[in-house]
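Input: a single structure, listed below in structure tokens.
In the numbering used here, the protein residues as written are 15 to 454.
Written out as structure tokens, the structure reads:
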């Protein structure tokens, strides 16, 4: 990675810095003390408020309970937006490289997402689902630009720590979103439109430091070719980079499962496990707390043992967590047994993203961060299309109440997700971090 990563700009006393960075705690101190890292991480906090409140919890539950939407309706709206994102992501990455800038594009996508989010509570079906899809489209495209800013704030040897700080800050955003939503649920007769408006305002407010204080030097404008030709070149280049291609295949599979759980975990907690909407907030809070801790821990592990090994361990944990999540309703375990399962699943989510971005950066060719993060985004978005559609097909398709021991299809869908994590782990084993391009 070397030259494409900017050096430290710590705010601590320079006379202390050489001593502090010799210890793991000191290296954390240097990372945490920097304004650019804090500003970059604040955007993770901002966008996770949106992801939790709109994609995972309050909107899906409101759309189902108040508007009468089925799981399949939510799946179609989400998957349609993700098809558009998957097509647009390589173009967005190439555009950011062409301009040599990420922040203006990130700001524009954020404003579109915020506007659509704040309008959700004013709409009925199908308009609410259209706004939901638009907000997700803008949010996901923004992540292409945001992820490509990681080299601007990370130094060699600290990519995992910086990424882990961002992931942990993101899950703190989930706490904020959950907390604001809980207060509004308790105090207002019609709280959900206000939750959506508050979500949009918090997203914008916490995103502003990133727009102001994160450096956006890039590599300078790239005038060669069209955006389409650049995107095609990026995809074609995978043939010479088999380890990168294998990692992206693994990412497709594990992102499929992780994103599907993000979209449907609120419904699963209320409809399958048996929590009320209010009680499920406590369960989700436990999962978020575990994700915060896991983001820091796995970020540290990335710098100590490598991103590939850290991610492989997280995938093993995913299989166990998803199997236990399915067992709670299938084996009719007491509802309280889902609490530790939620903590394990939350830790897996935080750990996945803490190892995922640094591993992609390790495999990305120098000087082509934007375009390859566009490809990285495209893979994740195509996975997010398949997962929810599969979930909807499993849940709403077969007549599960005719199967002995199975009351409904959501636990079976979770077991399918566990199987995909096994496949992802097998693919990841074949990734060679040190392998360069293959000629021919």
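Don't be surprised by glycine CBs; every beta carbon is placed ideally from N, CA and C. Fair warning: this is a prediction, and the values are worked out from it, not measured in the lab.
Around the CB of residue 54, 16 or more other CB atoms lie within 10 Å, so the residue is classed as buried.
Your pair residue 359 and residue 439 does not check out as a contact, with CB atoms roughly 17 Å apart and the cut at 8 Å. For residue 201, the three-state secondary structure derived from DSSP is helix.
Within the segment 389-450, the complete alpha helix (DSSP H) segments at least 4 residues long are 424-443, listed from N- to C-terminus. Scanning the segment 133-192 from its first residue to its last, the whole alpha helix (DSSP H) runs of 4-plus residues come out as 141-161, 164-167. In the structure shown, residue 345 adopts coil according to DSSP, grouped into three states. Judged by their CB atoms, residue 100 and residue 404 are not nearer to each other than the 8 Å cut-off. For residue 230, there is no enclosing alpha helix (DSSP H), since its DSSP letter is neither H nor E. Here residue 371 has 161, 164, 177 as same chain residues with Cβ atoms under 7 Å from its own Cβ, once five neighbours each way along the sequence are excluded. For residue 290, the three-state secondary structure derived from DSSP is coil. Your pair residue 91 and residue 141 does not check out as a contact, with CB atoms roughly 11 Å apart and the cut at 8 Å. A residue is called buried once 16 or more other Cβ atoms fall within 10 Å of its Cβ, and residue 350, having fewer, is exposed.
Counting only the Cα atoms, residue 50 lies some 6 Å from residue 167. Per DSSP, the continuous alpha helix (DSSP H) segment holding residue 258 begins and ends at 256-281. In the structure shown, residue 323 adopts helical secondary structure according to DSSP, grouped into three states. The way I'd put it, the segment 204-218 does touch the segment 118-131; three or more beta-carbon pairs between them come closer than 8 Å.
With contacts defined by Cβ atoms closer than 8 Å, residue 150 and residue 95 form a contacting pair.
Boundaries of the alpha helix (DSSP H) around residue 112: 85-113. Residue 82 carries a coil assignment under DSSP once its states are collapsed to helix, strand and coil.
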